[in-house]
Amino acid sequence: MAENIADETKVGPSGAKPRRAFSRRNILIYGTLIIVSLYYLLPLWVMVVTSLKGMPEIRLGNVFSPPVEITFEPWVKAWSTACTGLNCDGLSRGFWNSVRILIPSVALSISVASVNGYALSMWKFKGSEVFFTILMIGAFIPYQVMIYPIVILLREMGLYGGLSGLVLVHTIFGMPILTLLFRNYFASVPEELFKAARVDGAGFWGIFFKIMMPMSLPIFVVAIILQVTGIWNDFLFGVIYTKPDLYPMTVQLNNIVNSVQGVKEYNVNMAATIITGLVPLIVYFISGKLFVRGIAAGAVKG
Amino acid sequence: MSDISRRPPQLLRHLSGKIASIPLVATALVVFVGCTAWTVFYSFTSSKLLPKLKFVGLDQYERLWTTSRWLVSIENLAIFGLCSMIFSLAIGFLLAVLLDQKIRYEDTFRTILLYPFALSFIVTGLVWQWILNPDYGVQNIVRQMGWSSFTFDPLYDADIVIYGILIAGLWQGTGLIMCIMLAGLRGIDEDIWKAARVDGIPGWKTYLFIIIPMMRPVFITAIVLIATGIVKVYDLVVAQTSGGPGIASNMPAIYVMDNMFRGQNIGQGFAASTMMLLTVLIVLIPWAYFEFGGKKHG
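Just so you know, the protein sequences line up as chains A and B, in that order.
Once you know that position 270 of the first sequence is 269 in numbering that gives the first Met the number 0, the rest is easy, because the numbers rise by one and skip nothing.
Once you know that position 290 of the second sequence is 289 in numbering that gives the first Met the number 0, the rest is easy, because the numbers rise by one and skip nothing.
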């Protein structure tokens, strides 16, 4: 943009000079962006075309070429009959497990974190900042440091291996980022509003449900986007804290594709991979700018 | 507002606020402080199958640093870390600069560059495993084009396997860095650009000597983000190579997981995870010092 304005001033004051569409600068910028974009889109293309080919066509060997004969059989097989170990009911099992993990985890983690953020910004108590700081530092601790003692704690509570234990783990590890998100949002709410409600006799929960929640819907949406993609994509917690028949989709996908037995069916593998990536991709493409806002809030401040 | 004598005691004031903060306090104390301390503590014991309190001093650490598998993991972490740091920052910044040129279809380009970040490491690893497959993927295609001796086989060649993982990691993560950089570029005052233009400074020089130094906080955030992400790398390697061929693409996180949940050698796992924590601290403490310590001194 610097060069452009400079060029315009050199030409003189004869009115706005229409910018040429194919200036060298534009070709360079758009050319680079288009090439880079194609590179970024390539894996998605490869996934889709491979999943629509039959195995004979794949063996002819070009992962990038479009399918000559389109077949949806790999998708059907990946969804309903692909095997992991002894189970041969396909990815559908993992999909429903993931859904059963996702819904309570998202609901619980966001409820807890929104109340946390609200308490930390409006009802500060002695030491609340200390706990918040610990939480923020905790976000940087590698999970591997904490997972074993958590196994012991969950076992003591009788939650190890079940879905509720995993939900609890997601709530705990989602807490730092979500609490930060809500705390920063509530901190920007004018204090007069809070004081007025206090004078009118509203208490902790009254103010939260009647005033704060209705006016913070956008941030709830951002939090939901963040958690849906994060929890759906989780692998580590799923593999540690659940039993094989409750494995989430990512774990089952990895087991299907990287299983050593049998002939590798690349088309089924790619169909399974796409199906697993579909949920976060749909969330991403629908949410658009809110997704960016979510990761920016998490990344820049965290 | 109310009479001081009628105020409830300190502890009971705003009681529901405190009750509502119990999950926060419990998570901070039990998980982040408690569990971390527990692991560090037990890394000094000879725990094998189950944690037990038989102290052996630094034995676990000594064994750790003489195990070739751990040394390979550390070497991989160093190569992967250095490369992904440099490339993420460079590519992320360049893409952000390109998107910041008041171009058309900016949203479309941004959407395309960021979508891999929505995908899981498992999906990323499996796709790139397929693209880099020597029999059907890139290598085969170049050979079909007539260059029959071409070899590019990162996932089955122990010497270069880490670069195969790097390619996938960069594809997944650079979009995020680009977004952060773009936000940083947008935060720069237009007047700076005007002043540079008046002085006749060329665009690239303005970026290099004015804009980048001004974006220091953004770069530091990006560096901390990349660094902590690097230490955690686990799923990507599991999906792409399962740590192989042999032990060639092991990473510290994989070493920890195998010792804790497969090798029944949890003391080693604790020692290795404590080393991971130490790595994060080495990155984090200088950052925290500059970010928060500096403010107090003005």
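Glycine residues also receive a C-beta, built at the ideal position from the N, C-alpha and C atoms.
Neighbouring residues, chain B, relative to residue i (Cβ below 7 Å)
| i | result |
| --- | --- |
| Thr31(A) | Leu97 |
| Val57(A) | Per the sequence shown, the amino acid found at residue 57(A) is Ile instead of Val. Tyr135, listed in chain order. |
| Gly261(A) | Within chain B, no residue comes near Gly261(A); the closest Cβ sits about 17 Å away, beyond 7 Å. |
| Met46(A) | Val126 |
Residue i to residue j span [Cα, whole Å]
| i | j | result |
| --- | --- | --- |
| Ile4(A) | Phe185(A) | The pLDDT assigned to Ile4(A) is 47, lower than 50, so where the model puts this residue is not dependable; a value taken from the coordinates is nonetheless given after this. So the alpha carbons of these two residues sit roughly 42 Å apart. |
| Leu152(A) | Gln128(B) | 37 Å |
| Gly302(A) | Val267(A) | Within the shown structure, residues of chain A are numbered from 0 to 301, placing residue 302(A) beyond reach of any answer. |
| Thr228(A) | Ala117(B) | 7 Å |
| Val24(B) | Ile133(A) | 9 Å |
| Met319(B) | Val223(B) | A query on residue 319(B) cannot be resolved here, the shown segment of chain B reaching from 0 to 297 and no further. |
| Ile102(A) | Val160(B) | 38 Å |
| Pro141(A) | Phe290(A) | 24 Å |
| Tyr147(A) | Ile229(B) | 21 Å |
| Phe193(A) | Ile109(A) | 22 Å |
| Trp203(B) | Trp192(B) | 12 Å |
| Leu59(A) | Val114(A) | 58 Å |
| Leu40(A) | Phe203(A) | 49 Å |
| Glu74(B) | Gln260(A) | 32 Å |
| Ala247(B) | Ser67(B) | 11 Å |
| Ala222(A) | Ile285(A) | 15 Å |
| Ala287(B) | Ile210(A) | 35 Å |
| Ile294(A) | Gly145(B) | 45 Å |
| Trp69(B) | Met250(B) | 8 Å |
| Met84(B) | Thr173(B) | 10 Å |
| Ala195(A) | Met214(A) | 16 Å |
| Ala182(B) | Phe92(B) | 11 Å |
| Gly16(B) | Val30(B) | 21 Å |
Interface partners of residue i on chain A, CB under 7 Å
| i | result |
| --- | --- |
| Cys34(B) | Met145, Pro148 and Ile149 |
| Asn139(B) | Gly60 |
| Ser272(B) | Pro141, Gln143 and Val144 |
| Met275(B) | Pro141, Gln143 and Val144 |
| Val71(B) | Neighbours of Val71(B) on chain A: none; closest Cβ ~17 Å, over 7 Å. |
| Met259(B) | Tyr147 |
| Phe108(B) | Leu32 and Ser36 |
| Ile111(B) | Ser36, Tyr39 and Leu40 |
Whole-number beta carbon distance between residue j and residue i, since they are thought to touch under 8 Å
| i | j | result |
| --- | --- | --- |
| Tyr240(A) | Gly164(A) | 5 Å |
| Gly126(A) | Pro175(A) | The Cβ separation is near 17 Å, so there is no contact. |
| Val255(B) | Gly268(B) | 5 Å |
| Leu154(B) | Thr240(B) | 6 Å |
| Ala195(B) | Ile211(B) | The pair is not a contact, with the Cβ atoms about 13 Å apart (cut-off 8 Å). |
| Leu235(B) | Ile176(B) | Their Cβ separation, rounded to whole angstroms, is 16 Å, which puts Leu235(B) and Ile176(B) out of contact at 8 Å. |
| Phe234(A) | Tyr117(A) | The pair is not a contact, with the Cβ atoms about 32 Å apart (cut-off 8 Å). |
| Ser171(B) | Thr123(B) | Before going on, a small fix: residue 171(B) reads as Gln here, not Ser. 5 Å between Cβ atoms; contact. |
Interface partners of residue i on chain A, CB under 8 Å
| i | result |
| --- | --- |
| Phe120(B) | Asn232 and Phe234 |
| Ile102(B) | Ile28, Tyr29 and Leu32 |
| Ala252(B) | Pro141 and Gln143 |
| Ile265(B) | Tyr147 |
| Ile130(B) | Leu41, Pro42, Val45 and Val62 |
| Phe31(B) | Ile133, Leu134, Ile136, Gly137, Ile140 and Met145 |
Amino acids of chain B, ordered along the chain, whose beta-carbon sits closer than 9 Å to that of residue i
| i | result |
| --- | --- |
| Trp122(A) | His13, Ser15, Gly16, Lys17, Ala19 and Ser20 |
| Phe219(A) | Near Phe219(A) there are no residues of chain B at all, since even the closest Cβ is about 17 Å away, more than 9 Å. |
| Pro279(A) | Ala117, Leu118, Ser119 and Val122 |
| Tyr265(A) | Trp129, Asn132 and Tyr135 |
Residue i: contacting residues in chain B (beta-carbon distance under 8 Å)
| i | result |
| --- | --- |
| Phe203(A) | His13, Ser15, Gly16 and Ala19 |
| Asn302(A) | The question about residue 302(A) has no answer here: the residues shown for chain A are numbered 0 through 301. |
| Ser215(A) | Residues of chain B passing the Cβ test: none, with the nearest at roughly 16 Å. |
| Phe63(A) | Ile140 |
Contact set between residue i and chain A, taken where Cβ atoms lie within less than 9 Å
| i | result |
| --- | --- |
| Met256(B) | Gln143, Ile146, Leu235, Val238 and Ile239 |
| Ile211(B) | Within 9 Å Cβ-Cβ: nothing; Ile211(B) doesn't reach chain A, min ~15 Å. |
| Ile78(B) | Going along chain A, no residue has its Cβ under 9 Å from Ile78(B), so there is no contact; the nearest lies around 19 Å. |
Any beta strand (DSSP E) of 3 or more consecutive residues that is wholly inside the region 258-297 of chain A: none
Counting only Cβ-Cβ distances shorter than 9 Å, please list the residues of the region 127-146 of chain A near chain C, keeping chain order. Going by chain labels, chain C is absent from the structure shown, which instead holds the protein chains A and B.
Which residues, in order along the region 169-185 of chain A, keep a beta-carbon less than 9 Å from a beta-carbon of chain B? Thr170, Ile171, Phe172, Met174, Pro175 and Thr178
Where in the region 96-141 of chain A do unbroken runs of the beta strand (DSSP E), each at least 3 residues long, occur, reported from the N-terminal end onward? none
Alpha helix (DSSP H) segments (min. 4 residues) lying fully within the region 140-197 of chain B: Counting whole runs of 4 or more residues, the region 140-197 of chain B contains the alpha helix (DSSP H) stretches 160-185 and 189-197.
Curious, which full-length alpha helix (DSSP H) runs of at least 4 residues does the region 152-193 of chain A contain? 162-186
To be precise: take each residue of the region 222-240 of chain B, compare its Cβ to all Cβ atoms of chain A, and keep it if any distance is under 9 Å. Which residues remain? Of all residues in the region 222-240 of chain B, Val223, Leu224, Thr227, Val230, Lys231, Tyr233, Asp234, Val237 and Ala238 have a Cβ within less than 9 Å of some Cβ in chain A.
Name, going along the chain, the residues of the region 74-105 of chain A whose beta-carbon falls closer than 7 Å to a beta-carbon of chain B. none
Counting only runs of 4+ residues fully inside the region 67-100 of chain A, write out the alpha helix (DSSP H) ranges in chain order. 72-79
Every unbroken beta strand (DSSP E) inside the region 98-144 of chain B [3 residues or more]: none
Between the region 37-50 of chain B and chain A, which residues of the former have CB atoms less than 9 Å from a CB of the latter, in chain order? Cβ contacts with chain A: Trp37, Thr38, Val39, Tyr41 and Pro50.
To be precise: take each residue of the region 55-66 of chain B, compare its Cβ to all Cβ atoms of chain A, and keep it if any distance is under 9 Å. Which residues remain? none
Chain-ordered residues of the region 148-173 of chain B with a beta carbon less than 8 Å from chain A: Trp170
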